[in-house]
Every structure is written in structure tokens, then in C-alpha cells.
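As you go down the protein sequences, you meet chains A and B in turn. In this text, residue positions in the first sequence follow our numbering: the first is 165, and each later residue adds one. In this text, residue positions in the second sequence follow our numbering: the first is 582, and each later residue adds one.
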Amino acid sequence: MARPVSYHTLVMLVENKPGVLARVAGLFARRGFNIHSLAVAPTENPALSRITVVADTESTPVDQMVKQVDKLINVVRIDELAPEDAVEQELLMATVRAGAGDRSQILELCQIFGARVLNTGSTEIMVRLAGSPGKLDDFEDLLRPFGIVAIQRTGTVALPRLERSAATPR
Amino acid sequence: MKMNGGQALIKALEMQAVEVVFGLPGGAILPVYDPLIDSPIRHVLVRHEQGAGHMAEGYAHATGRPGVAMVTSGPAATNVVTPLCDAYMDSVPLVCITGQVPTAAIGTDAFQECDTVGITRSVTKHNELVTEASQIPLAIRQAFHLATTGRPGPVLVDIPKDIVDPANPRSAMEWYWPTDEEVAASLPGYRPQVEGDPALVAAAAELLCAAERPVLYIGGGILKARAAEALRALAEMTGIPVVTTLMARGAFPDDHPLCLGMPGMHGNYTAITAMQEADLLVALGSRFDDRVTGKLDGFAPDARIVHVDIDPAELHKVRRADVAIAGDCRIVIEALVAAVAAKGGSAAQADRSTWKQRISGWQERFPLTYEQLDPGEGHVKPQFVLERLRDLSPSDTIVASGVGQHQMWTSQFWRFNHPYTWVNSGGLGTMGFSIPAAIGAKAGRPDRTVWAVDGDGCFQMTAQELVTASAERIPIKVALLNNAYLGMVRQWQEMFYEERYSEVYLSPDLPDYVKWAEAMGCVAMRVESTDEVDAAIEKANAINDRPVVIEFRTDSREKVFPMVPAGKSNSDVMVDPTQAADLDRARGGR
């Protein structure tokens, strides 16, 4: 699940219309751009949706991706976030095998990471963690030895890192 | 005013000043064809929907106005996919209206249903399924706006039957024609940049004046931007020589002393070599297509690049530019002319006397050539046909071509001295383009002589549209170069596949082209020797009441030269065999 070294986050505001996701995804497919993850959701303005794509920029320069996406008529705006300029968050849900001997260790891990227990069964436990993609990777690695029964991650969403005012020392 | 969606669609086309629609009716689009009877818009009834699309393209190429095609759902929509893709690749303004099954039937695999918007998404600038009758006028306004502004291209509007059928209450609507502001507001993501950044224009002017070996590398964008006059002003002020790509033939007159003609895989030696040796390429509305650059990492190795294009995505896409200007070519070139003039104009240009001497040396030593046969010996040389056709037809003749050897010979041997006289399929390379495209061009420019130059392979793909030409009294002329082969494929098999000819032979007399053309209502002639060529062309040029087809039996061994073999650098261009020894000497001496 570790991300490739060269990736960029593309944040698009698109018209909230049928078929717009297909236009964006189809453009990536036919131009041979690789999507690492994808998240789509409505925005504060009901006429617009936000699509967040984490794209592999190994084979295609990111500015070519941005300009091609921007040509889509239904894409109102696109911003490119380099990793150092982005605050990124992602959600992970996992069902983990949790026999009597492992349960306390898993709960301890959850506490360290700030994950929440969503559901408990007799031999399994369902947990949730929101955070940066790297933090989720670490959590997933540490859960694996217990036995992951099912796992889902949402794909990254991101906003630009905020400017610091001159008064705040950097 | 109350009306139904079908009436509103036709009225919207009238409001857009559409004078001709190319199409073919069918189930889902039937309700739109009914109000068409009462409209002043001319409808040209095609014999295959692909013909409608190419006719609309030919119309757009020749007139600069958007071409309009209208067809029904399902197989009709899939039949226009090729022309849509062709128009997309060559940035041709096109509006295509397709019928669709009723809204409630969409997604049920209904009769003649296909996912038209899904299928055409990647071959249109934009497409839209309209679901309410009241939205039809806006959708048509948007389609024409998108097709004709920014980088032009095809736009498809898919219209379900229920919103245009007067028998269905969903078709009832109040007529409303949106304003420009409403159209702009309805497209919040569409803002083409037309003005060039003045700082970049100044930087470009600096490079232009200082370059010692510059070339203006002109693409089809000049024609789309109506920038031919601005280009001429720039070339004449700076004295910089001009190459015109396949899509730009006619954008700068071939008989102008600064014109070097066509570069690329089958360009002439001088145009190819001038680009290769340049220290500055000024790319105006061109896109560094692989057919122009040859092997990319060997292309114009010493050249700095100024690149102007309306589509920002073309800048840096293939070759990194030193100065990249997003903007409309006419506006940017006019700004460039002003910037160069401010620096002193002609007087501010670097000394290019050596460069000019080298160029005229190449022109003298390696002109386009071919070996003419003695009269009566063998078949007619295709290049000779093109030369005679050129010399015996009016200078503003519009020429459409198919794709292959005949296309390259036409581009090479015609002299294009007027913009919008060359209609061809450059990017997609669509065989069968010429006949329908010529019909569309003639429908748009009935005052002009229109010749389609076609090959026998191409002719068999779309010849049925000559029935359309006869029935609609659109008197185009067709020069069919019949060499009994898929000629360009044969050339590659001869040169690169050890003369192993695989599935490339077509036969010279199956079909009998003269009988076929006559059956379609054309005057038809067959020319089998060099001394018959002129009389046939003169006779064809004198006929103006019906289409004419001249079948020229041409030499199948003839190959297109110069040629840059695929994957080779432009520095490895092969010239006509009669010049090869001289070129070897020239290369040895450099």
C-alpha cells in the first residue's frame, strides 16, 4: 500500500453533473496517466463536487496532467499540491482477527494511533483510523501480524498547507 | 412562445445561422426532421452517416464556419464516431446532433440504443445528453460556442426522442434564447485564454530578432485563428522563412519567396533540413506531431523554441519551449509584429545572409522531382497528374484528399496560394475522407471549383456519397489515382518488409470505376496514358451540372519521396533516387 515516490495530489472542483467522474477517469485512462487514489464528494456549494486524485507522476509530467484535466469543460478549477504543500488525510477501516490473547494488544495499538473501535465480535474487532496516508500505512503494517480480515481505505483528500504569517517564526 | 423541443432545436440552429445540415433521419430523430421541412436550412441527405460527419468537416475547413451533422441513435451515432475523432484530431469546429431513445428507455438496451455520450466522450471536445426540452436552446448555444472558440473541435448533443416528440407532453416548452452572458455563466470551467502574456511576447520578439538561423513552423492553428494575414506581416517584416505543415498548407502562399513548403515525413528536403539546422523554431499553431519531428531526440537539436498555441496543454507537451505563449494565434502574432516593429522591424534583424544562401542552395540542389516517362510508355505518373490538375484548374480551387500516397503527392505538388483551399485528414489519417469532405466544401463554397484527389483504396470506402452529390446537385470533381494497390502500404512493404507484399493488392479493374461512377450519376472518364491527361481534366473542369470522376491508371511502382523512415531522425531523410548520389556527396562534405 506504500505510495510511489513521485506522486502529486490534484484537487479539482467540478460541476456536479452526471458523467463528470467518468470524464475525469476516462481522461486519465486514455492519456496513460496513473491514478493512485481517488476521492469524490460534494462541496459546500451544491452545484460543485470535489475530486481529489493522487496521481503517479513518474511517467507523465504533472503540469501536462493538470492542463489536460483543465481542458475538460466541466472542470471548473484544478489545483496541484506537491507533497510538501499539502495537508493530506485519509480514512481506514479494518476488521482484524482478535482472539482472547491478542485483543488487548490491538486495543493498545489503537490507543497509540488514536484509532477507534467501531464494532466488536467474539473473535474479531473492527477499527477505524483517520490521518495522513503515511500514518495509515504504519497502522496497517502493525495490524497485519494479527490477521487482517478486511480492510478499506478511502483515498486521500487534501487541502493546501496554510501560509504562516511573518510574525510566526518558521 | 410555446413550441415543442423538435421545433426549438431547428429554431436554435436557425438562430446560429446554420445554412446547411448534413444528415440522415431515423427512428429517434424523426420528430426533429418534421419541423425541418418548414425551415430555410438546407438538408443534404447522405447515404451513410460517416459521410455526414466528413461533409460537415469539409464545410468547416472551407468556410471557417462550424459544420453541422444530424443523425439518429444507435448505429447512426456509432457511424459518426470516425468523423468526430477526425475532427477532434484536426481541431475542426463541428456540431453533431444525435437522436437518442426516450429518456425512460435509456439504459434498458432499447432498440437502436447505444451510450452515445459514453462512446464519443474521448473523441469530442465536449458532449451532452439533454434531458429536458427547455434545455435544448441552451445546449445548442453551448455546443456552437464550444465548437468555435478556444481550440475548435467537435461537440455532440444527444437528444432523447421524448423531449422532441410533439405527441409526448415532455416535449412542451416555452421558447427562450439564452444571452451570451447566460451561456458563459453556464460554462464556469471554460475560459479560453486568447491574449498572449505581453512579457512573453516581448521575450519571443527578442529571440526572433536575434536568431541567425530561424524558421517559422506553421500549423493548422493559423487557419483556425484566421491568422494568415498576420503571419504574412510577421514573415515579411522579419524575413524569416516559413514551413507549412500538412494542416497548414495554404496558410502562407507557396509562391511567396519565403515559403519553403511542407516539412515532415514526406516534406521537401529544404523544409525538413531548414528545421533540422535551425537555431530558432517559431512554432505557431503547430504541435510537434511525430510526422513532423521524426525521431524526437534527433529533432532540430540546436533550436531554441518559441511556441504559440491556444491550447495550453500543447505547450511543452512534446518539446520543451524556451518561450511558451498560450493564446490565439492571430492576436499573439499581431502583438509579436508590434513588438518586433518597436525594436526596429526589418532593420533589427540579425544578419542571415549565410542562412538564406544555404536554404537557396538546398532548394536548387534537392527540389521535389520524379522521373517522367515518355508518352505511351507504361502508366501515368501520379505526380504528373497532380501537376496538370494544378495548372489547368483555377488558382483558388479547393482540393480535398484522402489518405495515403495521393495525399502526400497532392500536398507536395499543388501550389497552395490561398488559405482554406486544402481539405484533408491530417491527425487521424482517415481513408475515405476526400469525397464526402469535398461535397461539404462545395456545399459551403459553391462558387469554387472543388477537386477531390483520391486513391482507389480510399474511393471504395466512401464512394457512395457521389450518389448524394448527384442527387443534391453538388458538382464536385474526383481525380481517382488508381494504382491498384493500397499504395502507401505497398511502399512500406517494398522498402521495409523486403518487398513481401501482404494483402495490399486491389486490382485495377475490379470494380470498374467508370461504370460505378456512371451508375452514381457522375460523368466518368478513364485515362490510361500521359497524353490523355490534359483533355480529360479540361473536360472535367468545364462540367458544372453534375459530379465528374476521372480514373487515372497510375504507375503502381511510384513511391513518395522525400521520406523520413519511421523512427529515423529527420537528418536521415531519403530523397528521390535520382538525387541520392548528390545527397551522399553533400553529406560526405559536411
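Where is the CB? At the ideal position from N, CA and C, for every residue including glycine.
Hey, out of the options, whose CA is closest to residue i's CA?
i	options	result
B:Arg-901	B:Glu-1075, B:Thr-1159 and B:Phe-869	B:Phe-869
B:Asn-1063	B:Gly-1169, B:Ala-1105, B:Glu-1132 and B:Glu-1075	B:Glu-1132
A:Arg-292	A:Leu-191, A:Glu-254 and A:Arg-267	A:Glu-254
B:His-629	B:Ala-650, B:Ala-643, B:Arg-646 and B:Arg-996	B:Ala-650
B:Gly-1036	B:Val-711, B:Ser-1015 and B:Val-736	B:Ser-1015
B:Leu-1091	B:Met-818, B:Val-745, B:Tyr-1078 and B:Ala-1065	B:Ala-1065
A:Gly-183	A:Met-290, A:Gln-269 and A:Val-239	A:Val-239
B:His-837	B:Ala-720, B:Pro-822 and B:Gly-777	B:Pro-822
B:Ala-641	B:Ser-715, B:Leu-710, B:Pro-1056 and B:Ser-1006	B:Ser-1006
B:Pro-1000	B:Ala-859, B:Ile-914, B:Gly-770 and B:Arg-813	B:Arg-813
B:Asp-743	B:Ala-609, B:Leu-1067 and B:Gly-831	B:Ala-609
B:Glu-858	B:Val-918, B:Arg-794 and B:Ile-912	B:Arg-794
B:Tyr-614	B:Asp-746, B:Ser-927 and B:Ala-809	B:Asp-746
B:Leu-789	B:Gly-926, B:Gln-588 and B:Ser-992	B:Gly-926
B:Cys-878	B:Glu-1079, B:Asp-890, B:Val-899 and B:Pro-893	For clarity, residue 878 of chain B is Asp in the given sequence; the question names Cys instead. For the residues B:Glu-1079, B:Asp-890, B:Val-899 and B:Pro-893, the minimum Cα distance to B:Asp-878 belongs to B:Val-899.
B:Ala-637	B:Tyr-1086, B:Ile-1118, B:Val-1154 and B:Val-1004	B:Val-1004
B:Ala-598	B:Thr-663, B:Val-704, B:Pro-834 and B:His-726	B:His-726
Is residue j closer than 9 Å to residue i when the C-beta atoms are compared?
i	j	result
A:Val-321	A:Arg-241	no
B:Val-1095	B:Val-1129	no
B:Met-828	B:Leu-862	no
B:Arg-1081	B:Gln-1074	yes
B:Lys-1149	B:Gly-875	yes
B:Gly-1025	B:Ala-643	yes
B:Lys-806	B:Ile-912	In the sequence under discussion, the amino acid at residue 806 of chain B is Ala, which differs from the Lys named in the question. For B:Ala-806 and B:Ile-912, yes; Cβs fall inside 9 Å.
A:Val-260	A:Leu-307	yes
According to DSSP, which residues form a beta bridge with residue i?
i	result
B:His-888	B:Ala-864 and B:Ala-905
B:Asp-739	B:Thr-679 and B:Leu-710
B:His-987	DSSP, once it has assigned bridges, lists no residue as partnering B:His-987.
A:Asn-283	A:Met-290
A:Gln-253	A:Val-321
B:Tyr-798	B:Val-824 and B:Ala-864
B:Trp-1003	B:Val-980
B:Trp-1032	B:Val-980 and B:Lys-1058
B:Phe-603	B:Val-625 and B:Ala-650
B:Phe-1133	B:Leu-1062 and B:Val-1108
B:Ser-992	In the DSSP output, where bridge partners are listed per residue, B:Ser-992 has none listed.
A:Val-260	A:Ile-289 and A:Ile-312
A:Asn-198	A:Asp-220
B:Glu-755	B:Lys-583
B:Gly-816	Note that residue 816 of chain B is Ala in the sequence shown, not Gly. Answer is none; B:Ala-816 lacks a bridge partner.
Tell me the rounded alpha-carbon separation between residue i and residue j.
i	j	result
B:Thr-851	B:Arg-872	16 Å
B:Thr-1030	B:Leu-970	12 Å
A:Ile-312	A:Glu-272	17 Å
A:Met-165	A:Glu-304	With a pLDDT of 46 at A:Met-165, under the threshold of 50, the modelled position of that residue is not reliable, and no figure is offered here.
B:Asp-909	B:Leu-865	10 Å
A:Arg-334	A:Leu-326	Bear in mind that the predicted position of A:Arg-334 carries a pLDDT of just 47, short of 50, making it unreliable; the figure below should be weighed with that in mind. Computed Cα separation, rounded: 12 Å.
A:Leu-256	B:Ile-700	35 Å
B:Gly-604	B:Val-625	6 Å
B:Pro-1158	B:Glu-1113	27 Å
A:Leu-323	B:Met-670	36 Å
B:Gln-1045	B:Ile-886	45 Å
A:Leu-355	A:Leu-191	Residue 355 of chain A lies beyond the range of chain A shown here (165 to 334); nothing can be said about it.
B:Thr-764	B:Thr-729	Per the sequence presented here, residue 764 of chain B reads as Val, with Thr not at that position. Looking at the two C-alpha atoms, the distance is approximately 14 Å.
B:Ser-715	B:Tyr-757	8 Å
A:Leu-177	B:Cys-695	29 Å
B:Met-1144	A:Ser-201	45 Å
B:Leu-967	B:Asp-761	46 Å
B:Thr-826	B:Phe-947	19 Å
B:Phe-880	B:Met-856	8 Å
A:Asn-180	B:Thr-705	20 Å
B:Ser-1177	B:Asn-1125	Nothing in the structure corresponds to residue 1177 of chain B, since chain B is present only between 582 and 1171.
A:Cys-348	A:Val-281	Given that chain A is displayed from residue 165 to residue 334, the structure contains no residue 348 of chain A and the question cannot be resolved.
B:Val-1156	B:Pro-844	13 Å
B:Ile-591	B:Val-904	46 Å
So, is the C-beta of residue i closer than 9 Å to a C-beta in chain C?
i	result
A:Gly-196	In the structure shown, chain C does not exist; the protein chains are A and B.
Measure how close the beta-carbons of residue i and residue j come, nearest whole angstrom, since I'm counting them as under 8 Å.
i	j	result
B:Ile-740	B:Ile-678	6 Å
B:Val-1108	B:Arg-1138	Contact doesn't hold; Cβ gap of about 18 Å is too wide.
B:Val-661	B:Val-652	6 Å
B:Leu-1047	B:Leu-917	Their Cβ separation, rounded to whole angstroms, is 45 Å, which puts B:Leu-1047 and B:Leu-917 out of contact at 8 Å.
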